[in-house]
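Novice: In the working numbering, the protein residues as written are 1258 to 1405.
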């Protein structure tokens, strides 16, 4: 699994002019699922996302997690994160999980993060053409890969 994590002051997802999820302070997480991913990778990444200390403490140091600050998460499925770009100019998505595997893992990630934060995680719509609006705070952007 690959995730792009952005610390945001706010973020929202819109599909066909309807807002499917919106948050204030917290994390926008773009999630890509690979064909070989399992619950093991999901659990590792969920724990990391809930505990990643990228929010400022009183001294201005990145010492607090989204859980520590009572922040929110907007979780967006994004298979293009799995793109292979080494050869040619057209990305290959051959390693991306097919929808019948990726969608259940994406939905499970939402449930797992909700349990870890003890609050509802906001989500996009799997496979939809989504419009994401955000204000990156910092900017702070981190890429995590369960294979590394």
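Glycine included, every Cβ here is placed at the ideal spot set by N, Cα and C.
Because the structure is a prediction, the values reported are computed rather than measured.
One question on the structure: do residue 1331 and residue 1280 come within less than 7 Å of each other, judged by their Cβ atoms?
Specialist: Yes, these two residues count as a Cβ contact at 7 Å.
Novice: Going by DSSP, which residues form a beta bridge with residue 1283?
Specialist: Bridge partners of residue 1283: 1265, 1329.
Novice: Leaving out five residues on either side along the sequence, give the residues of the same chain with a beta carbon under 8 Å from the beta carbon of residue 1303.
Specialist: Closer than 8 Å at Cβ, skipping near neighbours: 1366, 1369, 1370, 1373.
Novice: Using the Cα positions of residue 1326 and residue 1311, report the straight-line distance between them to the nearest angstrom.
Specialist: One C-alpha to the other measures close to 10 Å.
Novice: Which whole runs of the alpha helix (DSSP H) in the region 1319-1395 are 4 residues long or more, in chain order?
Specialist: Whole alpha helix (DSSP H) segments, 4+ residues: 1356-1374.
Novice: Taking the alpha helix (DSSP H) that residue 1309 falls in, what are its first and last residues?
Specialist: Neither: residue 1309 is in no alpha helix (DSSP H) and is coded neither H nor E.
Novice: Can you tell me the Cα-Cα spacing of residue 1336 and residue 1320, whole angstroms?
Specialist: The alpha-carbon atoms of residue 1336 and residue 1320 are separated by roughly 31 Å.
Novice: Return the chain-ordered list of same chain residues with a C-beta closer than 6 Å to the C-beta of residue 1380, the five sequence neighbours on each side being excluded.
Specialist: Within the same chain, residue 1380 has close Cβ partners 1278, 1332, 1367.
Novice: For a quick check, are the C-beta atoms of residue 1334 and residue 1285 less than 7 Å apart?
Specialist: No, these two residues do not count as a Cβ contact at 7 Å.
Novice: Residue 1388 and residue 1295: beta carbons closer than 7 Å?
Specialist: No; because the gap between Cβ atoms is not below 7 Å, this pair is not in contact.
Novice: To the nearest angstrom, how far is the alpha carbon of residue 1276 from that of residue 1348?
Specialist: Residue 1276 and residue 1348: Cα-Cα distance of roughly 29 Å.
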